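Enquirer: If you're matching positions, the sequence shown starts at 857 in the working numbering and goes up one per residue.
Beta carbons are placed, not taken as given, at the ideal position from N, Cα and C, and that holds for glycine.
Just so you know, these numbers come straight off a predicted model, no measurement behind them.
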Amino acid sequence: MSPLTPYSVTSNSQHPEEAPVPPPDFGTGFGTDELAAYRPESTTPQDFDEFWRRTLAEARAHGGTVKAERVTETYGLRTVEVDDVRFPGWNGEPVAAWLLRPRGAAGPLPVVVTYIGYTGGRGLPTEHLFWSAVGYAQLVVDNRGQGHDTPDRGTGDGTQWVEGFMTRGIESPEHHYFRRLMTDCVRAVDAVAQLPGLDAERIVLAGGSQGGGLALAVAGLTGGGVAAVMPDIPFLCHYREGARTALDGPYQELVKYLRWHSPGRVRPTFDTLAYFDGVHFAQRATVPALFSVGLMDPVCPPRTVYAAFNHYAGEDRTMTAWPFADHAGGCGSNPPVQLAWLRERGLAPRP
């Protein structure tokens, strides 16, 4: 195997007799048996499930309709149809999304619900043409307060102590920013059923970095309501390890908060974040999962990703590890891996 190519660690329910294969040692100090075995003790809050049951029930009780406006001509696209979508999220507030699909395709189409990385938003539809080019519909979900089209109105009573969003409402899970954002992301899956031409039985969750962490959260919160999840280099996993070992990126916000503002609040801080930890969502997710990790990632250190992967409850789980990748992961080499994996699971668009 070339050290420039990825390797996979697979636990596949279709071949239960095959034990997971430990990642090889490339002589880089990464990809050792330690990662394959790394499964930190769970710190799931006792009321975790009730917290999220109540949160989602309250959001759904607000009701609201999904609205879509065709805007294809605005962007000069000829082979793709684009709708500008608004759906009800946290507190019934409108959340922006793009819906892209191949022009003239006969539905219902499998749909890739895509979540976006940290400090990003849905951007422009011309930034998201891959999945429609290979026959899928794609719902690209905006990040409240991070993108340009969905404000974070419900800031609650929480204080923001440093830049970014990691400490916005850190003193209580009730007021933390990720409670609102993750609720939006679940409600995006609810919205698929109200959009014509989409196959609600073939919903695939996807995203990178923060988007990967959000995809993992939704997989854990929707049970069997989706068909698969593909978290790439996921952020929002194993926060304490991320804060301890990340050399760059948003985990450093926690370091600054605990160093400068509240050195005596270490335990309460991580108690709040436990309600939004990808490890705990992974323990509740059972659909087929394709993870990826960069073994030289300074933003989402490999142990944080493997913590979620090794706690994942579903039997059909695969890790694509890029041995010399940083936080960019497999870059353009990763989509073909995803396409092949989806085909193997019967989730390709029908001819």
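(1) Can you say whether Phe1021 is buried or exposed, counting buried as having 16 or more other CB atoms within 10 angstroms of its CB?
(2) Taking only the alpha-carbon atoms, compute the straight-line gap between Leu995 and Val1018 and give it to the nearest angstrom.
(3) Give me the DSSP bridge partner(s) of Asp940.
(4) What does a CB cutoff of less than 6 Å around Gln1194 pick up in its chain, not counting 5 residues either side in sequence?
(5) With a CB to CB cut of under 7 Å and the five nearest residues on each side skipped, what residues in its chain are close to Arg1009?
(6) Among the candidates Thr928, Trp1116, Phe1126, Pro1207, whose CA atom is the shortest distance from the CA of Thr900?
(7) Terminal residues of the continuous beta strand (DSSP E) containing Glu890?
(8) Quick check: what's the CA-CA separation for Trp987 versus Pro958?
(9) Buried or exposed for Thr1023, going by 16 or more other Cβ atoms inside 10 Å?
(10) Alpha carbon to alpha carbon, how far is Arg1121 from Ala915? Give it in angstroms, no decimals.
(11) Would you report the Cα separation of Arg1199 and Pro1207, rounded to the nearest angstrom?
(12) So, at 6 Å on beta carbons, what are the nonlocal neighbours of Glu1103 in its own chain, with the 5 sequence-adjacent residues on each side left out?
(13) Using three-state DSSP, classify Tyr1168 as helix, strand or coil.
(14) If you run the structure through DSSP and keep just helix, strand and coil, what is Phe1147?
(15) Quick check: the segment 1061-1076 against the segment 930-950, are at least 3 beta-carbon pairs closer than 8 Å?
(16) Out of Val1042, Glu1097, Thr928, Leu1092, which has the shortest C-alpha to C-alpha gap to Gly1080?
(17) To the nearest whole angstrom, what separates the beta carbons of Val969 and Leu1061, a pair I think is in contact under 8 Å?
(18) Kindly indicate which three-state DSSP category Phe886 falls into: helix, strand or coil?
(19) I'd like the list of long-range same chain contacts for Ala1169, defined as Cβ closer than 8 Å, with 5 residues on each side in sequence excluded.
(20) Among Pro1192, Gly919, Asn1190, which residue has its Cα nearest to the Cα of Ala1047?
(21) Report the partner residues of Ile1059 according to the DSSP bridge assignment.
(22) Considering Cα atoms alone, identify which of Gly1076, Gly1053, Arg1036 is closest to Ala993.
Expert: This is what the structure gives:
(1) As a first step, residue 1021 is located in the sequence shown; it is residue number 165 there, counting from the start. Looking at its Cβ environment, which holds 16 or more other Cβ atoms inside 10 Å, Phe1021 is buried.
(2) Indexing the sequence shown from 1 puts residue 995 at position 139. Indexing the sequence shown from 1 puts residue 1018 at position 162. Approximately 31 Å, taken between the alpha carbons.
(3) Residue mapping note: residue 940 aligns to position 84 of the sequence shown, counting from 1. Asp940 is bridged to Glu925, Trp954.
(4) As a first step, residue 1194 is located in the sequence shown; it is residue number 338 there, counting from the start. Hits under 6 Å: Met1086.
(5) Taking the sequence shown and counting its residues from 1, one reaches residue 1009 at position 153. Closer than 7 Å at the Cβ level, and outside the excluded window around Arg1009, lie Glu949.
(6) Locating residue 900 in the sequence shown gives position 44, counting from the first residue. Comparing Cα-Cα distances from Thr900 to each of Thr928, Trp1116, Phe1126, Pro1207, the minimum goes to Phe1126.
(7) On the sequence shown, position 34 is the one that residue 890 refers to. Counting along the chain, Glu890 falls outside any beta strand (DSSP E), though it belongs to the alpha helix (DSSP H) covering 889-893.
(8) Looking up residue 987 in the sequence shown gives position 131. Looking up residue 958 in the sequence shown gives position 102. Trp987 and Pro958: Cα-Cα distance of roughly 9 Å.
(9) Stepping through the sequence shown from its first residue, residue 1023 is reached at position 167. In summary, Thr1023 is buried, with 16 or more beta-carbon neighbours lying within 10 Å of its beta-carbon over all protein chains present.
(10) Here residue 915 refers to the residue found at position 59 of the sequence shown. Here residue 1121 refers to the residue found at position 265 of the sequence shown. Using only the alpha carbons, I get a separation of about 30 Å.
(11) What you label residue 1199 is simply residue 343 of the sequence shown in a count that begins at 1. What you label residue 1207 is simply residue 351 of the sequence shown in a count that begins at 1. The alpha-carbon atoms of Arg1199 and Pro1207 are separated by roughly 12 Å.
(12) Reading the sequence shown from its first residue, position 247 is the one you call residue 1103. In the sequence as presented, Glu is not what sits at residue 1103; that position holds Leu. Closer than 6 Å at the Cβ level, and outside the excluded window around Leu1103, lie Pro1154.
(13) By one-based count along the sequence shown, residue 1168 stands at place 312. In the structure shown, Tyr1168 sits in coil (DSSP, three-state: anything other than H, G, I, E or B).
(14) In the sequence shown, residue 1147 corresponds to position 291, counting from 1. Looking at Phe1147 - three-state DSSP - the assignment turns out to be strand.
(15) Using a Cβ-Cβ distance cut-off of 8 Å, the segment 930-950 and the segment 1061-1076 are not in contact, since fewer than three pairs of beta carbons, one from each stretch, lie closer than that value.
(16) Along the sequence shown, read from residue 1 onward, the residue named residue 1080 stands at position 224. Considering only alpha carbons, the answer is Val1042.
(17) Counting from 1 along the sequence shown, the entry for residue 969 is found at position 113. Counting from 1 along the sequence shown, the entry for residue 1061 is found at position 205. With 8 Å as the limit, Val969 and Leu1061 qualify as a contact, their Cβ atoms being about 5 Å apart.
(18) Residue 886 sits at position 30 when you count from the first residue of the sequence shown. Its pLDDT being 47, under 50, Phe886 is placed unreliably by the model, and the measurement read from it follows with that caveat. Phe886 falls in the coil class under three-state DSSP.
(19) Walking along the sequence shown from the start, residue 1169 turns up at place 313. Cβ neighbours of Ala1169 beyond the five flanking positions: Ala1138, Gln1139, Arg1140, Ala1141, Thr1142.
(20) On the sequence shown, position 191 is the one that residue 1047 refers to. Nearest C-alpha to Ala1047: Gly919.
(21) Counted from its first residue, the sequence shown places residue 1059 at position 203. DSSP output for Ile1059 lists Val967 as bridge partner(s).
(22) As a first step, residue 993 is located in the sequence shown; it is residue number 137 there, counting from the start. Answer by Cα proximity: Gly1053.
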